[in-house]
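Trainee: Quick note, the sequence shown lines up with residues 3 to 250 if you use this note's numbering. Supplied in structure tokens, the structure appears directly below.
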Amino acid sequence: MTHQRRLQIRNLGKSFDDALVLDGFSLDVAAGEFVALLGPSGAGKTTLLRCVSGLAQPDAGEILLGDHAMHRLRGAALRRAQREIGFVFQQFNLIGRRSALANVLTGRLPDVALWRVVLGRFPEADRRDAFAALERVGLLPQAWQRADLLSGGQQQRVAIARALVQRSRLLLADEPVASLDPEAAENVLSLIREIAREENMSVLCSLHQPALAARFADRICVLAGPEEAPLTNRGAPRIDASAEARPV
Ligand SMILES: Nc1ncnc2c1ncn2[C@@H]1O[C@H](COP(=O)(O)OP(=O)(O)OP(=O)(O)O)[C@@H](O)[C@H]1O
Ligand SMILES: [Mg+2]
Numbered sequence: 003m004t005h006q007r008r009l010q011i012r013n014l015g016k017s018f019d020d021a022l023v024l025d026g027f028s029l030d031v032a033a034g035e036f037v038a039l040l041g042p043s044g045a046g047k048t049t050l051l052r053c054v055s056g057l058a059q060p061d062a063g064e065i066l067l068g069d070h071a072m073h074r075l076r077g078a079a080l081r082r083a084q085r086e087i088g089f090v091f092q093q094f095n096l097i098g099r100r101s102a103l104a105n106v107l108t109g110r111l112p113d114v115a116l117w118r119v120v121l122g123r124f125p126e127a128d129r130r131d132a133f134a135a136l137e138r139v140g141l142l143p144q145a146w147q148r149a150d151l152l153s154g155g156q157q158q159r160v161a162i163a164r165a166l167v168q169r170s171r172l173l174l175a176d177e178p179v180a181s182l183d184p185e186a187a188e189n190v191l192s193l194i195r196e197i198a199r200e201e202n203m204s205v206l207c208s209l210h211q212p213a214l215a216a217r218f219a220d221r222i223c224v225l226a227g228p229e230e231a232p233l234t235n236r237g238a239p240r241i242d243a244s245a246e247a248r249p250v
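The following block contains the structure:
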């Protein structure tokens, strides 16, 4: 792992109506580093991930993903920056009717001409990459299976394969294992950790189970819930310094 800063979040602020959700939140994620976000429901984990991805606009602060100032980008420039981000969500975000292979190939959509998408004809090199990614996540035998017929763990692995063909520099995962049984959850997190290291892909991943975070993440960042924070500073996140550079 290099120590190059891939993602820099500086003094991020975000409110909804009069509720302050993020207040002066800062966090760096190095290339290839897996950072877990913990915190009670409502602490702002999803809000943070949405701001980083450009799906929500912060009220204050900066988010730098490599050279992209995510907090400032709009339109085509934002979409270009988003191509460097892979997503895995709790609710499996695949196209159910399409095969695992087709879903992985959507990681290449912005690079592929529209007529090829319409006809389902992806360039040979992309198909090779997609098969390689499916093999990497252990799903080659399921390449032609409809995504909605795969198990939850398999669907999350398809989403990881999609991030691989997309050559994502950052993987944002919002409770990727919340709907999985313990064994599948461990498999998915272990795969995410391996791929982060092998591909030098940074990972920011919200989790509800501290034990899983401690086991799989390089570092843990705890967002305080509103009830935990002092009234003057509601919802302000803090970094659990004791969790820094946990051995894994
Ligand atoms: N679009 C929105 N409009 C208004 N309030 C919102 C919106 N999105 C989030 N919030 C509020 O912001 C706070 C943080 O929500 P968020 O979804 O980020 O929490 P979370 O840490 O992801 O919680 P959970 O663990 O339950 O997923 C909550 O109080 C929520 O109600
Ligand atoms: Mg959430």
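Where a beta carbon is used, it is the ideal one built from N, C-alpha and C, also for glycine.
Using the rule of at least 16 other Cβ atoms within 10 Å of the residue's Cβ for burial, across every protein chain shown, is L173 buried or exposed?
Mentor: buried
Trainee: Check whether chain C comes within 8 Å of A135, counting only Cβ atoms and requiring the distance to be less than that.
Mentor: Absent from the structure: chain C. Only one protein chain is present.
Trainee: Tell me, please, whether the stretch 128 to 143 touches the stretch 60 to 71 by the rule of three or more beta-carbon pairs shorter than 8 Å.
Mentor: no
Trainee: Please determine whether the Cβ atom of D176 lies at a distance below 7 Å from any heavy atom of ligand 2.
Mentor: yes
Trainee: To the nearest angstrom, report how far apart R52 and E126 are at their CA atoms.
Mentor: 33 Å
Trainee: How big is the Cα-Cα spacing for P143 and R199?
Mentor: 25 Å
Trainee: So what does DSSP say about V139, is it helix, strand or coil?
Mentor: coil
Trainee: When the Cα atoms are used, what is the spatial distance from A104 to L166?
Mentor: 14 Å
Trainee: Would you check whether ligand 1 has a heavy atom nearer than 7 Å to the C-beta of P26?
Mentor: The sequence given here has Gly at residue 26, not Pro. Not so, every heavy atom of ligand 1 lies at least 7 Å from the Cβ.
Trainee: I'd like to confirm something about G109: is its beta-carbon nearer than 7 Å to some heavy atom of ligand 1, or not?
Mentor: no
Trainee: Compute the beta-carbon to beta-carbon distance between I162 and V139, rounded to the nearest angstrom, for a pair I have assumed lies under 8 Å.
Mentor: 5 Å
Trainee: Would you call the stretch 32 to 49 in contact with the stretch 8 to 22, where contact means no fewer than 3 C-beta pairs closer than 8 Å?
Mentor: yes
Trainee: Using DSSP bridges, identify the partner residues of G88.
Mentor: L173
Trainee: So V54 is in the beta strand (DSSP E); what residue range does that whole segment cover?
Mentor: Note, V54: premise wrong, no beta strand (DSSP E); alpha helix (DSSP H) at K47 to S55.
Trainee: Here's a check: name, in chain order, each residue in its chain whose Cβ is nearer than 7 Å to the Cβ of V190, leaving out the five neighbours to either side.
Mentor: G155, Q158, R159, P178, V179 and L182
Trainee: Below 8 Å, how does it come out for the stretch 39 to 48 and the stretch 204 to 218: are there three or more Cβ pairs, yes or no?
Mentor: yes
Trainee: Starting from the N-terminal end, write out each residue whose C-beta falls within a distance shorter than 6 Å of any non-hydrogen atom of ligand 1.
Mentor: F18, A21, V23, G41, S43, G44, A45, G46, K47, T48 and T49
Trainee: Let's see if you can read the secondary structure: which residues bound the alpha helix (DSSP H) around N105?
Mentor: A102 to L107
Trainee: Can you give me the Cβ contacts of G15 inside the same chain, cut-off strictly under 7 Å, excluding the 5 residues immediately before and after it?
Mentor: L24, D25, G26, P60, D61, A62 and G63
Trainee: With a threshold of 7 Å, establish whether the CB of S153 neighbours any heavy atom of ligand 2.
Mentor: no
Trainee: So G63 is in the beta strand (DSSP E); what residue range does that whole segment cover?
Mentor: Here the beta strand (DSSP E) through G63 covers A62 to L67.
Trainee: Exposed or buried, what is F218 when buried is set at 16 or more other beta-carbons lying within 10 Å of its beta-carbon?
Mentor: buried
Trainee: Return helix, strand or coil for A32, following the three-state DSSP convention.
Mentor: Three-state DSSP puts A32 in a strand.
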